[in-house]
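For what it's worth, this note's numbering labels the leading residue of the sequence shown as 944, then goes sequentially.
Note that the Cβ used here is the ideal one computed from N, Cα and C, for glycine as well.
Let me begin by presenting the structure, written as structure tokens, before commenting on it.
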Amino acid sequence: MKRLYVTLVLVFTLVIAACSSGNNSNLTGSSSSPPSEEASESATTPVQPSEEAADPLGKYDPPIQLSTIRSLNSSIKFAEGQSIDDNIWYRGYESDLGIKLSNEWSVPETQYAQKLNVAITSNTLPDIFQVDLTQLQKLIDADMIEDLTDVYQNFATPLTKQIIEGDGGIGINAASSNGRLMAIPSTTSTLDSTQMLWIREDWLQAVDLPAPKTLDDVQKIAEAFVAQKPSGNPRTYGLGLGKDLFAGYAGIGGLSYGLQAYPKAWVKGADGQIVYGSIQPEMKVALGKLQEMFKAGLIDPEFGVQDANKVNESITSGKIGMFYGQHWNAFWPLPDGFKNDQKANWNPYPIVTADGSSGKSLMGNGAVAFYVVKKGSANPEAVVKLMNYNLNKAYGPDGRDMDFHGDNVETAYMYAAVAAQHPLQNINIYRDVMKGLEAKSAEGLSFDGADNYNSVTKFLEGDTTFYGSYKWSGPEGALSVEDGYDKNGLTVVNEFLGAPTETMLKKGTTLETLELETFTKIISGSASIDSFDQFVANWKKLGGDDMTKEVNSRTK
944 MKRLYVTLVL
954 VFTLVIAACS
964 SGNNSNLTGS
974 SSSPPSEEAS
984 ESATTPVQPS
994 EEAADPLGKY
1004 DPPIQLSTIR
1014 SLNSSIKFAE
1024 GQSIDDNIWY
1034 RGYESDLGIK
1044 LSNEWSVPET
1054 QYAQKLNVAI
1064 TSNTLPDIFQ
1074 VDLTQLQKLI
1084 DADMIEDLTD
1094 VYQNFATPLT
1104 KQIIEGDGGI
1114 GINAASSNGR
1124 LMAIPSTTST
1134 LDSTQMLWIR
1144 EDWLQAVDLP
1154 APKTLDDVQK
1164 IAEAFVAQKP
1174 SGNPRTYGLG
1184 LGKDLFAGYA
1194 GIGGLSYGLQ
1204 AYPKAWVKGA
1214 DGQIVYGSIQ
1224 PEMKVALGKL
1234 QEMFKAGLID
1244 PEFGVQDANK
1254 VNESITSGKI
1264 GMFYGQHWNA
1274 FWPLPDGFKN
1284 DQKANWNPYP
1294 IVTADGSSGK
1304 SLMGNGAVAF
1314 YVVKKGSANP
1324 EAVVKLMNYN
1334 LNKAYGPDGR
1344 DMDFHGDNVE
1354 TAYMYAAVAA
1364 QHPLQNINIY
1374 RDVMKGLEAK
1384 SAEGLSFDGA
1394 DNYNSVTKFL
1404 EGDTTFYGSY
1414 KWSGPEGALS
1424 VEDGYDKNGL
1434 TVVNEFLGAP
1444 TETMLKKGTT
1454 LETLELETFT
1464 KIISGSASID
1474 SFDQFVANWK
1484 KLGGDDMTKE
1494 VNSRTK
């Protein structure tokens, strides 16, 4: 069970790090600042790799010294005798790779971006460090980091390349500039950002309706939920929606995707140019459908002031029968609702379309964090070797190294200074569970697959404490939906996943506010659907056209 938590926390950690980054910070004068007197010795006294160091997992002899900085996740726990400065990973780096890694500083993740931005501006950078897309672009523009193209090609193991490039090159492309690899992406699963429709199956049976195949079916089900109130709650709503319209949970994405509208995403238009999804005609249709559902009383009239926690309260107290969400909803908030009412049987479904054809969900960037090497730092290949080491411990031929990744070492995987996740890790877990259920045995499954197989089996045997596990990786769980998307090619890629453009940095906040306010007003009926046309005109005039030009220029 803990391995599920570990997998999910890694995803959440990277997402939180991206969301908390300082996108509006400036790089004033950093490109012309002299090197800091406190720069690490390795930056001024180059150390030539030994012959052994040419081995992607070879040991430096004599050892080399490198510096880094760390962001501390709030859920990290240290085993006895270990800390962020001295732990099993750092000891392994030294004993196995000959890399003595030291932390110049470490801060809670909420403070990391701001402190790093100060270090970038003052040019007081360590040898190896983690950045977000905005910081990466600033460092590239200021010529402050090493080109890693050659060291990646020469030092990355086949396993590392398989994992880092396993998302179809999305992470590599985001980490590249002018055809050169400037960072090593910390990959996660791109499929985990896809949307699905969660429905209370017990309510569906109570109103005697089949699973939806079209958006009209979704509306019909919502109407039946509101009319018949299967849980007896006088304030029952068919579709859950919160004020964060573009969130992965209880947002408008899943319904919009069913109408080929992709809000907050850059997608290819009919002419091959990249366009902003939120201003396309399909978006107007999606907003019209949401307004129709709101006026029919199918959406809570207070959605515009309700954050995710408020939506949770409605879901767990039996007020809501459907919502669009993601795979992790199997663990939050659905188990809380199950504790309150063990009839609450939530099942995930693929997004549906207007005509009943297969819907395509937007798929995000699996890499939201990147590892870079300071310009002039010796042994730039070391960052690749550290990644090799991490992935070998997790996915190597000898299986998972339990000292580094096991259940009995708190959150040891978080101690690693350089890390990534297999882009299909969760899908592979699901596929292993299916193999195990068919064979009625965990023999031959991966560690995570066997762990989840055991959890699913326990639920099927009556242990309801594994409700979340079953709804996640069970036969009809959330990962079964992602598996279907993957096997059938039912995803749409966000065509622009790079750092914000100049206009985005200057005017992005204003345009985002305009978009959220306009969409909220349209859905709630306080603005007509035709106000969408004026929104589009304003968006284009206030900087949207410039952003579109910059995006197309960047992606050529």
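* Excluding the 5 residues preceding and the 5 following Tyr1297 in the sequence, name in chain order all residues of the same chain whose CB lies nearer than 8 Å to its CB. => Here the sequence assigns Ala to residue 1297, which means Tyr is not the residue at that position. Same-chain partners within the cutoff: Thr1157, Leu1158, Asp1159, Gly1201, Leu1202.
* To do: From the DSSP output, in three-state form, read off Val1295 for me.
  => coil
* **Phe1189 (DSSP reduced to helix, strand or coil)** => coil
* Asked: What is the rounded straight-line gap between the Cα of Asp1075 and the Cα of Leu1329?
  -> 19 Å
* Go through the region 992-1063 residue by residue and report every complete run of the beta strand (DSSP E) that reaches 3 residues or more, in order. => 1007-1015, 1042-1051
* To do: Round the Cβ separation of Gly1451 and Pro1443 to the nearest angstrom and send it over; I've been treating them as touching at under 8 Å.
  => 6 Å
* Do Leu1009 and Asp1093 come within 8 Å of each other at the CB atom, strictly closer than that value? -> no
* For Leu1305: DSSP bridge partner residues -> Val1435
* To do: Counting only the same chain and skipping the five closest in sequence on each side, list residues whose C-beta sits under 6 Å from that of Gly1231.
  => Ile1472
* Assuming Tyr1192 and Gly1247 form a contact by the criterion Cβ under 8 Å, report the distance between their Cβ atoms to the nearest whole angstrom. => Actually they do not touch by this definition, with Cβ atoms about 16 Å apart.
* Asked: When the distance is taken between beta carbons, is Ile1222 closer than 8 Å to Gly1487?
  -> yes
* Asked: Is the region 1240-1256 in contact with the region 1180-1200, if contact means three or more CB pairs nearer than 8 Å?
  -> yes
* In angstroms, rounded to a whole number, what distance separates the CA positions of Tyr1314 and Met1357? -> 15 Å
* Report all residues from its chain with a CB closer than 7 Å to the CB of Lys1211; omit the five preceding and five following residues, and keep chain order. => Ile1217, Glu1438
* **Distance, Ala1360 Cα to Val1050 Cα** => 14 Å
* Environment of Asn966 [buried if 16+ CB atoms lie within 10 Å] -> In this prediction, Asn966 scores a pLDDT of 35, lower than 50, which makes its location untrustworthy; no coordinate-derived value is stated.
* **Neighbourhood of Leu1485 by C-beta, 8 Å cutoff - its chain only, sequence neighbours within 5 removed** => Lys1450, Thr1453, Leu1454, Leu1457
* Of the residues Ala1154, Asp1004, Thr1133, the one placed nearest Leu1140, counting alpha carbons only -> Ala1154
* To do: Can you say whether Ala1213 is buried or exposed, counting buried as having 16 or more other CB atoms within 10 angstroms of its CB?
  => exposed
* To do: For Lys1238, count neighbouring C-beta atoms within 10 Å of its own C-beta (all shown protein chains included) and say buried if the count is 16 or more, exposed if not.
  => exposed
* **Endpoints, alpha helix (DSSP H) assigned at Leu1147** => 1144-1149
* Asked: With 16 as the cutoff for other CB atoms within 10 Å, does Ala1312 come out buried or exposed?
  -> buried
* Start-to-end residues for the beta strand (DSSP E) that takes in Gly1268 -> 1265-1268
* Where DSSP assigns a beta bridge to Lys1211, which residues make up the other side? -> Ile1217
* **Whole-angstrom distance between Pro1278 and Pro1173, CA atom to CA atom** => 19 Å
* **Reduced DSSP secondary structure (H/G/I, E/B, other) of Ser1416** => helix
* Pick helix, strand or coil for Trp1271, following the three-state DSSP scheme. => helix
* **Beta-bridge partners of Tyr1180, as assigned by DSSP** => Ile1263
* Asked: Are three or more beta carbon pairs between the region 1254-1268 and the region 1176-1183 nearer than 8 Å?
  -> yes
* **Where Ser1300 sits in the DSSP three-state scheme** => coil
* To do: Ignore the nearest five residues each way along the sequence and tell me which others in Thr1100's own chain have a CB closer than 8 Å to its CB.
  => Pro999, Leu1000, Asn1331, Leu1334, Asn1335
* Cβ contact check for the region 1378-1389 and the region 1115-1124: 3 or more pairs under 8 Å -> no
* **Uninterrupted alpha helix (DSSP H) stretches inside the region 1076-1110 (no shorter than 4 residues)** => 1076-1084, 1092-1098, 1101-1107
* Asked: Which term fits Gln1148, buried or exposed, when burial requires 16 or more other beta carbons within 10 angstroms of its beta carbon?
  -> exposed
* Asked: Below 8 Å, can you find three or more Cβ-Cβ pairs linking the region 1039-1059 to the region 1007-1027?
  -> yes
* Asked: Comparing alpha-carbon positions, which option in Ser1026, Ala1165, Gln1234, Asp1039 lies nearest Gly1468?
  -> Gln1234
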